[in-house]
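Chains as they are written, first to last, in the numbering used here: chain S, 1 to 102; chain U, 1001 to 1102.
Ideal placement from N, C-alpha and C gives every residue a C-beta, glycine not left out.
Since we're looking at a predicted model, the values are computed, not measured.
Have a look at the structure below before the remarks.
Number of protein chains: 2
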Amino acid sequence: MKVTKRKKLEAKGWKVGSAGDFLNLSPEEVSYVELKLALSTSLKERRTKEKLSQVEVAKIVKTSQSRVAKMEAGDPSVSIDLLIKSLLALGASPKDLAKAIS
Amino acid sequence: MKVTKRKKLEAKGWKVGSAGDFLNLSPEEVSYVELKLALSTSLKERRTKEKLSQVEVAKIVKTSQSRVAKMEAGDPSVSIDLLIKSLLALGASPKDLAKAIS
DNA sequence: TGTAAATATGTCGAATATGACATAGAGTAC
DNA sequence: GTACTCTATGTCATATTCGACATATTTACA
Chain S
1 MKVTKRKKLE AKGWKVGSAG DFLNLSPEEV SYVELKLALS TSLKERRTKE
51 KLSQVEVAKI VKTSQSRVAK MEAGDPSVSI DLLIKSLLAL GASPKDLAKA
101 IS
Chain U
1001 MKVTKRKKLE AKGWKVGSAG DFLNLSPEEV SYVELKLALS TSLKERRTKE
1051 KLSQVEVAKI VKTSQSRVAK MEAGDPSVSI DLLIKSLLAL GASPKDLAKA
1101 IS
């Protein structure tokens, strides 16, 4: 993993599983986090592109502003499920999702 | 939604949210279920291609045989998160996932 | 500067997903 | 037949994720 990416993840508050050292992340753990980050980014892009506030998105997605903020921040407490449901609610197609994670 | 697909979903035990009528599924609900089904199928394909039993996959993914069965069945109790983590653990790349859901 | 809107962060009880277990069913070989 | 392997299904206690709320911080603009 490149240092820039490592710092990006560290900055998001991600902890290495049990080892406590980033370099010990297994490849699939890294992929998982990157996937989530990609969806987070996609969500934020979609929102800003449509000039919506987090409050407005929360209404559409039927959640709260704080959860939208956490989604966009890639918070460990949000699931890929929620990110996907939210993106779909904002009009993303499965193909859009595929593009986002490629 | 085509009848064939509807029956496929019904057969999996999916219930329409609260309405109780399949035709009332919103487009994003449909996309969500289809996404999950695509990942389920992908998981099963990967397992059979490598001639692994569900028990063996369970070991690799660190879960139980019953949960693997439910994943492959697209059971409503399994999350997209778990499907993705499992696919990654079996060696799928993010691109593979993208391909699966396209 | 102030101040109002937007966003971020922390916490909590409720809701959902989890692994594990038991057990049922399906398929195969003897 | 039964004995064995594999897969499916139901249940449960625990763990994780949820929406919601309060509050802090940032941002934009007068």
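Considering only S:Met71, S:Asp75, S:Ile60, the residue with the shortest C-alpha distance to Glu1028 of chain U is S:Ile60. With contacts defined by Cβ atoms closer than 9 Å, Ser1042 of chain U and Leu1097 of chain U form a contacting pair. Pairing Ser1077 of chain U with Arg1046 of chain U, the inter-Cα distance amounts to about 21 Å. Ranked by how close their Cα comes to the Cα of Asp1081 of chain U, the residues S:Leu25, S:Ser31, S:Asn24 have S:Ser31 in first place. Met71 of chain S is positioned such that its CB atom lies closer than 9 Å to that of Ser40 of chain S.
Between Ala1038 of chain U and Ile1084 of chain U, the gap from beta carbon to beta carbon reaches 9 Å or more.
Secondary structure note for Glu29 of chain S: its alpha helix (DSSP H) is the uninterrupted segment 27-49.
For Leu1052 of chain U, the three-state secondary structure derived from DSSP is coil. Shown here is that no member of the region 1058-1077 of chain U has a Cβ falling below 9 Å from a Cβ of chain S. Taking 9 Å as the cut-off, the Cβ atoms of Ser1079 of chain U and Val1068 of chain U do not count as close.
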